Every structure is written in structure tokens, then in C-alpha cells.
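If you read the protein sequences in the order shown, they are chains A and B.
For the first sequence, the positions run 1 to 429 when my numbering is used.
For the second sequence, the positions run 1001 to 1256 when my numbering is used.
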Amino acid sequence: MATRTLRVDAIARVEGEGALDLDIRDGRVASARLRIFEPPRFFEAILRGRGHEEAPDIAARICGICPIAYQMSAVHAIEQAFGARVEGPLRQLRRLIYCGEWIESHALHIVLLHAPDFLGFEDGIRMARDHGDRVRAGLALKKAGNEIMRVLGGREIHPVNVRPGGFHRVPTRAELEPLATQLVEARAHAVDLLRWVATFPFPEFERDYEFVGLRHPDEYPFNEGRLVSNRGIDIDIADFDREFEERQVEYSTALQAVTRRGGAYLVGPLARYALNFDRLPASIQDLSRDCGLGPVCRNPFRSIIVRSIEAVYACEEALRIIQDYEPPELAAVPLTPRAGTGYGCTEAPRGICWHRYEFEADGTIRAARIVPPTSQNQASIEADMAAIATSLLDRPDEILRERCEQGIRNHDPCISCATHFLTLNVHRK
Amino acid sequence: MRNRPHLAVWKFASCDGCQLSLLDCEDELLALTEAIEIAHFTEATRTSLPGPYDLSLVEGSITTPVDAERILEVRRQSKVLVTIGACATAGGIQALRNAGNMQDIVAAVYPSPQYIRALATSTPISAHVPVDFELRGCPINKAQLLEVISAFLAGRKPVIPSYSVCIECKRRSNVCVMVQGIPCLGPITHAGCGAICPAYRRGCYGCFGPMESPNAAGLTREWQARGASSLQIKRVLRSFNAAAEAFQAESLKHGD
Chain A
1 MATRTLRVDA IARVEGEGAL DLDIRDGRVA SARLRIFEPP RFFEAILRGR
51 GHEEAPDIAA RICGICPIAY QMSAVHAIEQ AFGARVEGPL RQLRRLIYCG
101 EWIESHALHI VLLHAPDFLG FEDGIRMARD HGDRVRAGLA LKKAGNEIMR
151 VLGGREIHPV NVRPGGFHRV PTRAELEPLA TQLVEARAHA VDLLRWVATF
201 PFPEFERDYE FVGLRHPDEY PFNEGRLVSN RGIDIDIADF DREFEERQVE
251 YSTALQAVTR RGGAYLVGPL ARYALNFDRL PASIQDLSRD CGLGPVCRNP
301 FRSIIVRSIE AVYACEEALR IIQDYEPPEL AAVPLTPRAG TGYGCTEAPR
351 GICWHRYEFE ADGTIRAARI VPPTSQNQAS IEADMAAIAT SLLDRPDEIL
401 RERCEQGIRN HDPCISCATH FLTLNVHRK
Chain B
1001 MRNRPHLAVW KFASCDGCQL SLLDCEDELL ALTEAIEIAH FTEATRTSLP
1051 GPYDLSLVEG SITTPVDAER ILEVRRQSKV LVTIGACATA GGIQALRNAG
1101 NMQDIVAAVY PSPQYIRALA TSTPISAHVP VDFELRGCPI NKAQLLEVIS
1151 AFLAGRKPVI PSYSVCIECK RRSNVCVMVQ GIPCLGPITH AGCGAICPAY
1201 RRGCYGCFGP MESPNAAGLT REWQARGASS LQIKRVLRSF NAAAEAFQAE
1251 SLKHGD
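In C-alpha cells form, the structure reads like this:
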């Protein structure tokens, strides 16, 4: 049998720039390689020697789609190193702004990036010609998420209000109240979208993932929790290196995070949902069941349903926080820098974003390490590609290519985030 | 038959935030796409139509040999080329490496530095090809982006004021944070953000880069008079627009 080499030279509708090489030899998939040609930007080196108070603004610039994830992981790491705790309304406001990021990011992915795959469109804008109401509902949902970011953070992309210890200025109740009206509508849009995407034609495809995510004693996780998996990992976030390692793979020169037992793992909505289904309110669990989703979903194509569930949840959670909000006396807990190490791990829309910082006595950053969600998902995405290709071996290249592209988009990869991606260095036998 | 102008969006070294601003125009996006054809925009569509393009929006800075070649082709294919954001316009935060030792920087991040094929500098698009307009900001302001697109499609100059953030602050009726003792880059920073930092009780950190003819020395003297250290001044000038000439020159006066 002939050798087939399939290439997708630019993966569309993902954040950042990547490509896929698939080698098929003698009727089997020899390799599936996710190549990244995103130029490295050296954030860990840039952070060295900077003041701790600059970390949230600098780290945010890793990703324009999920800046809050970077800001939150950074501020938690700083506070841990300096022995401070942020509780009460400030903690709730952090959760609120994170809801905003989940809503805008999930809505973008559900409607503009992912849904077109299931309905046979090149993009969300062309899809709008036949499904205008759905696209408009998705944009309204996205706008509501962005509005939270704007009110609480000052702007949607790279918000300016987050600082170690809390915020520069906290909102009044009157400033938050208009958001509630918008969020009630947004929740209705999210439920409509959920019911719509649940009717999409999904390929019969499941993978036995090791799911990794945060788990909190009583919340669906955003900012805090232990790092757990469905295969027995249950650690403090500071022990990340005990269970996981970043390794360099020969062909792609990208650092990929794997478990110490050598396995690919998955972070993001599928993982969060499977690990924390029991932390969702009963009403959201019922919605899931209505849409044919059990407490665990192993079909990555159906991640669009899980993202929609999380969007509904984020709208409800944001509404709850706004309703309960009483402004705190201080906009930020005072911090006293000291030498030490701090860890932060929070749930970006795409999965856990892990940070570690070492500080000098005056709070200057001595070293920084950042493990973004997409570098953790790379190995699983490649395994998905191999499995998808194996199931479609007898189909024409174009079908295979489209399905693989879709398979990558299933995980909403953010390649700009993955500061660890290096230049292409392909070896072929 | 080409009845709508063709728009292309290109990415170089960046965070994707500025091109996302286009998709963040939730209220205008569908109307906009009735007026223009999105011919190339990898983040948003699988479609990629061949050039030439009536308007190219370029995000990101040039940091690799491959990208230094690619921008030449983008320019050749574009009737009008507009850079969007601090990376494309000033080299971005990744331009901080321009002053450092590249080997040290690479080794701080990667275990096998030999695989890195990056240039020692991060440079703005204008260092490589002629640019028709530069839109500032880290990130850009989406209302300004719509103005730029509308202006170029109408064949007029975009109305983007080049005065300082102070003017926007006055317009927003913010209380001046400098008066409250908070160091602020607003007096020398290009307008466009709407003075959000002072509105949130923090000093401007210069994410739109220097305004036209800034008095940077005068401002840093004011900062020092209010107790700011050289380190503090140096750091704030060396962020998202570190390689913009006025910020770079002033920061060098406060240390290497």
C-alpha cells in the first residue's frame, strides 16, 4: 500500500499558528504530529528581574483570548509566596471576572470557531447567512462576558484592574447591577445554544483520557483547588513537578507536558466537567442530562456541548455573585514582599494554567515558569489525530483532513499561549 | 466578480488579542462582513482567498527569519497595509530581548536552545516594509479599529488623535492620579484607550506607546519629585512599547 502524507498547513479557527502532519504507511497511521510555528516570545525570561506587581500585566500578554487566566494564576502565586490570602468579596470578584472570560471565550469557540464544523461552513460569518439567529445569540452571549471584563477590568482584552492582593478599584453595587440584566438574557441565549448544539451530528468517537483539572471542596473550580485526575492524581498545586513533566519531543521541538508515568493527559472543559460534575448545581446537571450528556463525556467532538453547559453555569454564577455582592472596605489586601516561591494554578477556559515564581526579598522576580493549557493538551491532541485517522483510513484525503482539523478544534487550542513552542525541526525516516 | 473590498488579517509574533478585537465587535461584525469580504483571517475562517488584498491588518512583530520573508510577501499582496497593536507598531513586549543576551534568554525558557531559530531582535513591521498606518495599543481599541477600516475603505485618513492620555482623562472627568501621588505615564502616552487606568485609580502604564513629541524627561522628573526610584521608572518605560524610541531613550537615562 502506498504511503500517504497528509498535511494541514495552517489550522484555521484556532488561536495562534500551527499545522498538522499525518503519516500513513502500509495501511496504518505511523505518526500524527502537531507542528507549531508560533514564534517564541520568551515570557519566562522577560519576567526575570521585573517587580512582582508587574507580573499580572506582563503575563496577560501571553494570550489575548484568556488574559484573566494568566493574571489570576500570577496573583495567586504572588500571594502564596508572600503569605497573603484574598477572601470574601475580593475573592468573589475574581470569580466574577473569570466567569466573564469563560463566557466570552466559550461563546467565541462555540459559535464562531466550532459550530461551523458540524454544519459544513467555512466559518461563523458564512454560517450566519443560514443561522443568523444562532450567531447573533452567540455574539450577544460573548458580549455579556466581555461586558463583565470591561466593567470589572476596564477593558475586554488585557484588563487593567487586577493586581496582586485584589484590584486597583472595586466596583460599586450600582456599577454591577446593569450586568445582571444582560446576564439574564445571556443565560437564556446560552441555554438556547446548548439545546441547539446538542442536536449536531456527532461522530461516534470516544477516547479513554486521563482528565486533569482542579477540584475544590465545594465549588466548580476557577481559581483554587487540588490538582486531580480520574486516574488517582490528587496533589497540591505546588507538587505539579512530582506528577507531571515537560519534555521535548524529537520531531516537533515543542515541549509537551505528560504525566510522570509517561502518559498524555487532557485539560479543559471535558476534564473539568468529568472531575467536577457533582459540583455543578442540580439545575445544571439536569440540563446536561436533558441534552443527553452523562456525568462524563469522552467524545471530544461533543466538547461543544460541555462548553455550552459551562457557559450557562458561568452566567448563573456571575448572577449569583452580583446579587450577593457587598463592596469590601479595601480594594486590595496589603502585601509585604519576601523571598520565596509561590505557585498559582487556575482554570483557563482551555484548562489549567500553572505558574511558579521565585522572588527576591524585595519582591523582584528571580525565576518564572508557566505551563499553559495547550502545551499540556498537545500529546492528547496528537493521540486524537491518530485515532481519528485510524477510523477513517479508507476515506479520501479531504474527508480525513477536515475531520482532523475539526479534531484539533475540539480542544480549542490556544497556540499563542504555549510560550514553550519552538521552531519546527522535522525528522523523517 | 469582486464587488466587496477584500480584507486580510495577518499574524506575526503576538498574543492574538488585537485580531480578536475584530471578533469582539459583536454588534458590528455581521454588518462589517456585508461591506467587506474577509479574504484571509486564519483565526476566524478556513477560507483563504488569493491576493491582492485591498486592506491588510498586520498583528505582531518580526522575530524569526521566516517571518522577515513573509512580511515582504504580505506587503506585495496588499494595497493598504495597517499595523494593529504594540507588537506590530513597536516590537511589543518581546522587544525587551533586544537589549539582552539572546543565549541567556533562550536558555531561561528552553532546555535545548539549539532548536530555537529566532532572531536576536523583535522589530516592528515598519522596520521591514512601508506601512500605511499604525494603530497603537496593547491591545488596540476596537472602536478605533472600526474607524481605521471604515476610513481606508472610504479612501480617507482615519481620525485617530495623537494627543496624550491626559486629554481623555479630562474628558472622562477622572481625578488626576498624579495629584493623588500615583505615578502615571498618561502625560506622555498616546491616547486611544479612553484613560482606563486612571479611571480605575492606577497610573497609566503606557500600553499605547509614546504620544507625538512627548516630554519624557519632564515627566520622569515629576515622578522622581514624588519619590519614584530609577528602577521604577526604568521598569514602567520598558514594557509593551519598550522599543518605541521616546520610551527607550528615556529609560536608558535611568539605567541599562
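We put the CB at the ideal spot given by N, CA and C, even for glycine.
Here the structure is a predicted model, which is why all the values come from computation and not from measurement.
One finds Gly64, Glu156, Ile157 in chain A with Cβ atoms closer than 9 Å to the Cβ of Ser1021 of chain B, taken in chain order. Using a Cβ-Cβ cut-off of 7 Å, Leu1032 of chain B does not count as an interface residue toward chain A, since no Cβ of chain A sits closer than that to its own. For His158 of chain A, the closest C-alpha among the options B:Ile1149, B:Ala1244, B:Phe1240 is that of B:Phe1240. Along the stretch 1127-1150 of chain B, going in chain order, the ones with a CB nearer than 9 Å to a CB of chain A are Cys1138, Pro1139, Ile1140, Asn1141, Lys1142. Taking a cut-off of 8 Å on C-beta distances, the stretch 190-200 of chain A does not touch the stretch 370-386 of chain A, as fewer than three cross pairs fall below it. According to the DSSP assignment, His76 of chain A belongs to the alpha helix (DSSP H) that extends over 67-81.
Glu1134 of chain B carries a strand assignment under DSSP once its states are collapsed to helix, strand and coil. With its beta carbon at least 7 Å from every one in chain B, Ile370 of chain A lies outside the interface.
The three-state secondary structure of Val1148 of chain B, taken from DSSP, is helix. If you compare the alpha carbons of B:Val1074, B:Glu1168, B:Gly1181 with that of His1190 of chain B, the shortest gap goes to B:Glu1168. Where Gly351 of chain A is concerned, the enclosing beta strand (DSSP E) starts and stops at 351-359. The beta carbon of Thr172 of chain A sits closer than 7 Å to those of Pro327, all from its chain and outside the five residues before and after it, given in chain order.
The distance from the Cβ of Ala1090 of chain B to that of Ala1244 of chain B is about 4 Å, consistent with a contact at the 8 Å cut-off. Exclusion of the five residues before and after Glu185 of chain A leaves Ala140, Ala144 as the residues of its chain whose Cβ lies within less than 8 Å of its Cβ. For Thr259 of chain A, the enclosing beta strand (DSSP E) covers residues 255-259. Pro396 of chain A and Cys345 of chain A have their C-alpha atoms spaced approximately 43 Å apart. In the DSSP assignment, Leu1081 of chain B falls within the beta strand (DSSP E) that extends over 1078-1084. Straight through space, the alpha carbons of Leu255 of chain A and Leu400 of chain A are spaced by roughly 27 Å. Residues of chain B with a Cβ closer than 9 Å to the Cβ of Pro40 of chain A are, in chain order, Ala1013, Thr1063, Thr1064, Gln1094, Val1106, Val1109, Tyr1110, Ile1116, Ala1118. Collapsing the DSSP output to three states places Asp23 of chain A in a strand.
Within the DSSP secondary-structure output, Asp234 of chain A pairs in a beta bridge with A:Val228.
Comparing C-alpha distances from Ala81 of chain A to each of A:Leu176, A:Ala339, A:Trp354, A:Ala311 shows the shortest one belongs to A:Ala339. Per DSSP, reduced to three states, the secondary structure at Val162 of chain A is strand.
Less than 7 Å divides the Cβ of Tyr273 of chain A from the Cβ of Val306 of chain A.
For Asp1256 of chain B, the secondary structure class from DSSP, reduced to helix, strand or coil, is coil. Look at the stretch 132-156 of chain A: the residues with a C-beta under 8 Å from a C-beta of chain B are Gly132, Val135, Arg136, Leu139, Ala140, Lys142, Lys143, Asn146, Gly154, Arg155, Glu156.
Here Ala1242 of chain B is buried, its C-beta having at least 16 other C-beta atoms within 10 Å. Contacts with chain B at 7 Å (Cβ-Cβ) include Glu44 of chain A. Among the residues of the stretch 165-185 of chain A, those with a Cβ less than 9 Å away from any Cβ of chain B are Phe167, His168, Arg169, in the order of the chain. Contact annotation for Asp397 of chain A against chain B: no contact, minimum CB-CB distance about 16 Å [criterion: below 7 Å].
Three or more Cβ pairs closer than 8 Å define a contact, and the stretch 1079-1088 of chain B falls short of that threshold against the stretch 1104-1114 of chain B. Below the 7 Å Cβ cutoff, chain B contributes Ile1196, Cys1197, Tyr1200, Arg1202 as neighbours of Val160 of chain A, in chain order. DSSP, read as helix, strand or coil, puts Thr1121 of chain B in coil. Assignment of Val111 of chain A by DSSP, reduced to helix, strand and coil, places it in the helix class. Thr181 of chain A carries a helical assignment under DSSP once its states are collapsed to helix, strand and coil. For Leu1072 of chain B, the secondary structure class from DSSP, reduced to helix, strand or coil, is helix.
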